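Protein sequence lines, in the order shown, are assigned to chains R and L.
Plus 5 on top of the position in the first sequence (first one is 1) and you've got our numbering.
Plus 20 on top of the position in the second sequence (first one is 1) and you've got our numbering.
Taking it in order: structure first as structure tokens, then the write-up.
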Amino acid sequence: MMLEIDNLEVAYGAVRAVKGISLNVAQGKIVTMIGANGAGKSSTLRAISGITRTSGGRIRFDGRDITTMPAHKIVALGISQAPEGRMIFANLTARENLAMGAYLRRDTEGIEKDMDYVFAMFPKLKDRIDQPGGKLSGGEQQMLAIARALLARPRLLLLDEPSLGIAPILVRTIFEKIVEINRELGTTILLVEQNARMALSIADYAYVLETGEVRLHGNAAEIASDDEIRKAYLGER
Amino acid sequence: MKRHRSKIYLLLALVAAAIVAKYQTAISPYYFQIIIYIGINIILASSLNLINGFAGQFSLGHAGFMALGAYTSAVITSSLHLSPGTAVSYPLFAGALICGGLVASVFGLLVGIPSLRLKGDYLAITTLGLGEIIRVIIQSLGFLGAARGFTGIAKLADFFWVYAVVAIVIFTIANLVKSTYGKGFLAVRDDEIAAEAVGVDATRYKIVAFITGAFFAGIAGGLYAHFVTYINPSQFGFLRSFEIVVMVVVGGMGNIAGVILAAAVLTILPEALRAVAQYRMVIYAFLLIVIMISRPQGLFGQRLDWSRVWRWVTRRSSSPAKGES
Ligand SMILES: Nc1ncnc2c1ncn2[C@@H]1O[C@H](COP(=O)(O)OP(=O)(O)O)[C@@H](O)[C@H]1O
Ligand SMILES: [Mg+2]
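Written as structure tokens, this is what we have:
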């Protein structure tokens with residue numbers, strides 16, 4: 006397993022956001038974590054990235070314990086994240102945002118090539134290259150956030166609600182690009198989504214979170230056809 | 021290429037400082053003193069700009085760092101009995117200034133550590149408290165003259181020393197924040213979580229900002245001490261810190277040129293307004309509030325566009341034939 010999470014707990018003071026989640030991500034797959042608002046999805050991703058402290062459990066990447074590792078070391082190991090709400094550097098230009106994504110890299114040529122790659126993937130970004138990140142539209146910011154995470158050349162890409170707050174037509178494009186990243190670059194993806202239908206349609210495996218716990222997990226296709234899931238998360242009766 | 025050019029600017033500035041220094045006696049002592057204070061305030065404001073403007077850590081303890089540099093260097097030069105003009109005084113004075121800067125940066129580290137856990141108002145209050153603690157400790161030390169102050173400091177700082185340091189500070193900070201490494205400061209300020217998420221060690225940046233900022237504030241303190249030749253703890257109180265913060269806020273947090281300009285203007289302004297001098301802090305506080313509300317990015321925003329300033333100046337002062345191009 007590329008990523009192994011064992012009994013993870015995250016707490017904010019008295020609020021227990023994650024109460025013992027266990028989750029695995031196999032190399033080369035797209036794994037999705039779905040669940041209602043407040044289920045603890047973002048907390049889990051932030052714990053993996055080392056941005057939020059864990060209060061229990063273990064996280065292993067390539068067999069190596071990264072539970073207490075600082076965020077910048079985790080990026081260096083090959084995990085990067087496009088965080089919820091995009092978190093673009095508002096005062097840096099789109100190009101500088103991308104350059105920050107490659108902050109830990111020293112291979113100038115490789116960075117150039119990857120820049121070209123993300124511009125080919127998101128041509129709209131190229132038009133906005135010298136604009137401050139804060140001036141971009143929601144959809145463009147989302148593309149920039151994904152592109153920025155890609156510039157770290159991750160082996161595991163964490164995506165936190167890439168469809169949040171963007172136009173419905175763009176949502177489809179973004180999901181197509183996620184599949185493309187997985188197929189073309191071979192990047193393993195852990196995708197957090199509230200748009201369960203979309204997420205299940207592209208994922209190999211799925212975890213359903215409820216109030217800080219794994220309620221159910223299985224092949225994405227099985228989850229998508231589970232009666233209760235269809236009622237609770239896919240809005241069917 | 022670009023890097024090269026900034027080194028040439030630095031060299032030019034140093035040469036200019038040396039030339040002007042030769043003729044410094046030609047200027048009236050009163051104006052000369054203001055020019056020196058402008059230089060010292062540029063150093064203070066620029067170094068605070070690194071902490072407040074670039075790293076986004078609201079610090080209110082800058083006068084404390086200045087005091088440490090002032091007292092440390094004064095103790096060194098006094099115990100060495102340095103006198104101005106002697107060949108040996110130059111390297112030793114430089115050494116004393118650097119020692120003052122180093123002592124200040126050690127405290128910068130101590131102040132920087134709480135910044136890792138504290139944010140916004142809490143950090144401002146903590147740094148304010150630490151600055152005051154430094155002052156109170158100095159005030160209680162007999163060998164530093166306690167509240168009476170430290171007298172008989174050699175007048176070693178002159179135009180050249182002050183403006184050479186101004187040039188070095190601006191050069192250092194401009195290069196630091198323009199480099200790829202320096203972009204990390206801007207990233208931390210814009211969004212700390214996102215910065216961490218791309219691999220920026222936000223902790224290290226904050227500490228570097230505090231250490232570097234405090235170092236230069238310490239040097240400014242040393243220059244100040246060796247210009248006025250008499251220092252006492254009340255010169256380094258909260259109001260001093262506050263003045264420097266106002267310079268940074270007015271100039272625009274993170275705007276190098278804007279902060280330089282604001283430091284100069286806000287040094288001259290109180291002199292021009294001598295008649296209402298007792299209301300200076302009231303005016304400052306009022307200015308700060310108005311700017312914070314109406315232009316939180318500072319008077320000149322993120323970037324001061326010199327070409328626009330230039331056009332503005334030429335339009336006013338020259339014949340209409342020149343106009344805009
Ligand atoms: N920084 C925080 N401070 C305090 N509580 C938080 C914080 N972040 C999240 N929470 C709480 O933790 C719980 C899980 O939140 P989160 O991980 O964001 O869930 P999700 O991403 O699934 O919506 C919620 O109850 C939320 O209010
Ligand atoms: Mg979330």
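C-beta: ideal position from N, C-alpha, C; glycine also.
Here the structure is a predicted model, which means the values were calculated and not measured.
Beta bridge counterpart(s) of residue i as assigned by DSSP
i	result
R/Val30	R/Leu8
R/Met38	R/Val197, R/Tyr212
R/Lys24	R/Glu14
R/Ala87	R/Leu164
L/Phe170	L/Ile251
R/Ile64	R/Ile10
R/Thr98	R/Pro137
R/Asn224	R/Tyr210
R/Glu218	R/Glu215
R/Arg69	R/Phe66
CB contact flag (residue i, residue j, <8 angstroms)
i	j	result
R/Gln32	R/Thr192	no
R/Leu13	R/Leu163	no
L/Ala90	L/Tyr244	yes
L/Leu136	L/Leu80	no
L/Ala87	L/Phe180	no
L/Gly219	R/Leu109	yes
R/Val213	R/Arg220	yes
R/Gly223	R/Ala237	no
R/Ile64	R/Thr72	yes
R/Val184	R/Asn200	no
R/Leu97	R/Gly138	yes
R/Leu195	R/Ala204	no
L/Ala187	L/Ala283	no
R/Gly30	R/Ala22	Here residue 30 of chain R turns out to be Val, not Gly, going by the sequence shown. No, these two residues do not count as a Cβ contact at 8 angstroms.
L/Leu143	L/Gly84	no
L/Thr171	R/Ala104	no
R/Leu156	R/Asp119	yes
L/Ile58	L/Thr287	yes
L/Ile173	L/Ser98	yes
R/Ala87	R/Ala172	no
L/Leu259	L/Met312	no
L/Asp210	R/Phe124	no
R/Gly55	R/Gly25	no
Heavy atom of ligand 1 within 7 angstroms of residue i beta-carbon
i	result
R/Asn102	no
R/Lys182	no
R/Lys24	no
R/Gly45	yes
R/Val36	no
R/Val219	no
R/Val20	yes
L/Gly135	Reading off the sequence shown, one finds Ser at residue 135 of chain L, where the question assumed Gly. No.
R/Ser48	yes
Residue i: CB within 7 angstroms of a non-hydrogen atom of ligand 3
i	result
R/Asn42	Of the ligands this structure carries, namely ligand 1 and ligand 2, none is ligand 3.
Cβ-heavy atom distance, residue i to ligand 2, below 7 angstroms
i	result
R/Lys140	no
R/Asp168	Before going further, note that residue 168 of chain R is Ser rather than Asp in the sequence given. No, since every heavy atom of ligand 2 falls outside the 7 angstroms radius drawn around the Cβ of R/Ser168.
R/Glu215	no
R/Glu89	yes
R/Asp246	The structure shown does not extend to residue 246 of chain R, since chain R spans only 6 to 242, so no value can be given for it.
Expected contact under 8 angstroms - CB spacing of residue i and residue j to nearest Å
i	j	result
R/Phe180	R/Met148	No, R/Phe180 and R/Met148 are not in contact; Cβ-Cβ is about 12 angstroms, not under 8 angstroms.
L/Val208	L/Ala75	6 angstroms
L/Leu70	L/Thr232	6 angstroms
L/Val126	L/Thr92	About 10 angstroms separates the two Cβ atoms, so there is no contact after all.
L/Ile264	L/Leu68	5 angstroms
R/Arg91	R/Gln146	5 angstroms
Using a beta-carbon distance cut-off of less than 9 angstroms, what residues from the segment 144 to 157 of chain R approach chain L?
Against chain L - using a Cβ distance shorter than 9 angstroms - the residues of the segment 144 to 157 of chain R are Ala150, Arg153, Ala154, Leu156, Ala157.
Which of the residues in the segment 183 to 200 of chain L, read from start to end, lie with their CB under 8 angstroms from any CB of chain R?
Thr200
Under 7 angstroms (Cβ pairs) to chain R, residues found in the segment 208 to 233 of chain L:
Under the 7 angstroms Cβ criterion, the segment 208 to 233 of chain L contributes Asp210, Asp211, Ile213, Ala214, Glu216, Ala217, Val218, Gly219, Val220, Asp221.
Determine which residues of the segment 132 to 155 of chain L have a Cβ less than 9 angstroms from any Cβ of chain R, and write them out in chain order.
none
Note down, in chain order, all residues in the segment 44 to 72 of chain L with a beta-carbon under 7 angstroms from any beta-carbon belonging to chain R.
none
Report the residues of the segment 115 to 133 of chain R with a CB closer than 9 angstroms to any CB of chain L, ordered along the chain.
none
Residues from the segment 71 to 85 of chain R in contact with chain L, defined by Cβ distance under 9 angstroms
Pro75, Ala76, His77, Lys78, Ile79, Val80, Ala81, Ser85
Residues of the segment 23 to 49 of chain R with a CB closer than 9 angstroms to any CB of chain L: list them in chain order, please.
none
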